[in-house]
Structures are given as C-alpha cells and as structure tokens.
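**Student:** Input: one structure, supplied below.
Set out below in structure tokens:
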C-alpha cells in the first residue's frame with residue numbers, strides 16, 4: 590500500500606515562495622501528482638513527476654527524488670488566490686492513485 | 077466534452093435508506109476512480125475500474141458499498157443502509173490508462189448527508 594505524508598498547514602505572505610514537502614512509501618511507484626483544491630471544489634491537476642528532477646510550470650514547480658521517496662511543490666510569487674489545499678498523490682504500478690491528507694496554504698496580504 | 081460529471085450534486089437521506097450516485101467520465105477515458113472525502117482530509121480511495129473491470133476495492137469499504145461500470149462508460153456507486161458516518165463528499169475521477177497524459181480529472185462530487 591501507500592503511506593503519504595505532508596504538512597497539515599502552511600502560511601505565507603503574498604509575493605513570497607512556499608515549498609510543500611511530501612514523503613511517500615509505496616509498494617510500486619508509477620508517478621507522483623500534485624493537485625490543488627479550493628474549499629468546496631473538486632481537486633484540479635497541477636503537476637506530474639515520474640522521473641527524478643524538477644518540472645516547472647509557470648509559478649509552480651514540482652521536484653521528485655524516487656530514491657528518497659520525496660517530492661516538493663514550490664509555489665512562487667504567491668497570490669491570494671493560491672490559498673487552497675494542496676494534495677500529493679502517488680500512483681502505484683497497478684495505476685491505483687492514493688492521496689495524502691493535503692496541506693492547507695493560507696496566503697496573507 | 078464537458079469533463080467528469082456527477083449526479084446528484086447533493087443528497088440528503090435518512091439513516092437506513094439506500095442511495096445511488098452516478099458518474100459520467102470524460103469520454104474514452106478507460107480508468108475510473110471513486111473516492112470519499114471528509115472535511116480537512118484528502119480523498120480516500122474507494123475503488124477503481126479499468127473499462128468495465130473493477131480492479132480493487134478498498135479494504136476499508138464495507139459490504140454496504142458497491143460500484144459498477146457495466147459498459148465501461150458511466151459508473152454507479154451504491155450505499156445500502158446508510159449510516160451517519162457515511163456523510164461525506166463522494167468524488168469520481170477518470171483518466172487515460174496509457175500515453176503522455178494520464179492525470180486524473182475529477183468531477184464536482186456528490187455531497188451526501190445522512191440524517
């Protein structure tokens with residue numbers, strides 16, 4: 590099975606950078622995803638890593654180290670609309686997709 | 077294609093009643109997932125399908141829960157003899173199984189309240 594850990598809450602100032610860490614243990618790894626979820630809404634896809642390294646998408650970047658079972662999501666130039674829950678999800682070799690509990694990011698003016 | 081759609085969006089039911097939810101995935105997506113989410117938690121895996129085949133059902137899921145995807149397109153999730161602990165958001169997601177874009181897309185969910 591999967592064991593996925595991420596911090597519960599983080600707070601940052603508008604314009605700043607925040608890094609959300611995710612550690613995982615899985616019986617077979619086939620990709621790591623980050624999703625954003627605003628309160629009362631469905632999760633929306635942000636990024637995907639299957640190989641080690643950094644994937645950059647505008648203000649958002651995601652990093653993966655498979656040997657360490659570690660990923661992070663980097664949010665740059667924070668905006669108020671970035672206040673949301675960020676979910677780390679791991680896909681196993683049988684394509685089952687499992688989620689962490691989510692990290693609530695609060696952006697303050 | 078309008079994305080993943082779920083029906084109903086909200087359901088209030090009395091304890092002991094049966095409820096059924098429907099999910100229409102993005103057309104031609106062959107994988108379909110069901111999750112349950114409670115406040116402050118991430119989506120909890122319930123079950124998933126590859127076409128019409130149910131690949132896994134969570135061990136946390138009691139026998140009161142059943143899901144089907146009879147023709148490999150839409151799916152239904154039924155909860156029998158509902159309990160107050162079943163109150164949650166039920167999310168459906170779909171994805172391609174192979175290819176460069178295999179991320180899962182979520183529907184807006186069905187919010188179940190058992191009174």
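Chains as they are written, first to last, in the numbering used here: chain A, 590 to 698; chain B, 77 to 191.
Beta carbons are placed, not taken as given, at the ideal position from N, Cα and C, and that holds for glycine.
All values derive from a computational prediction rather than experimental measurement.
Mind checking which residues open and close the beta strand (DSSP E) that includes residue 644 of chain A?
**Tutor:** 642-646
**Student:** Please identify the residue among A:677, A:681 and A:684 whose C-alpha is closest to the C-alpha of residue 594 of chain A.
**Tutor:** A:677
**Student:** Using 8 Å as the cut-off, can you tell me whether the segment 605-613 of chain A makes contact with the segment 134-145 of chain B, which would need three or more C-beta pairs spanning the two stretches below that distance?
**Tutor:** no
**Student:** Have a look at A:592, A:598 and A:591 and flag the residue whose alpha-carbon is nearest the alpha-carbon of residue 692 of chain A.
**Tutor:** It is A:598.
**Student:** Answer yes if the segment 83-92 of chain B comes into contact with the segment 655-671 of chain A, meaning at least three C-beta pairs across the two stretches below 8 Å, and no otherwise.
**Tutor:** no
**Student:** When we look at the beta-carbon of residue 638 of chain A and count the other beta-carbons within 10 Å, is it buried (16 or more) or exposed?
**Tutor:** buried
**Student:** For residue 184 of chain B, return the contacting residues in chain A, with the cut-off set at a CB-CB distance below 7 Å.
**Tutor:** 631
**Student:** Pick from A:645, A:600 and A:626: whose alpha carbon is nearest that of residue 182 of chain B?
**Tutor:** A:626
**Student:** Please list, in chain order, the chain B residues whose beta carbon lies closer than 8 Å to that of residue 685 of chain A.
**Tutor:** 121, 124, 131 and 132
**Student:** Can you give me the Cβ contacts of residue 654 of chain A inside the same chain, cut-off strictly under 7 Å, excluding the 5 residues immediately before and after it?
**Tutor:** The answer, listed in chain order, is 641.
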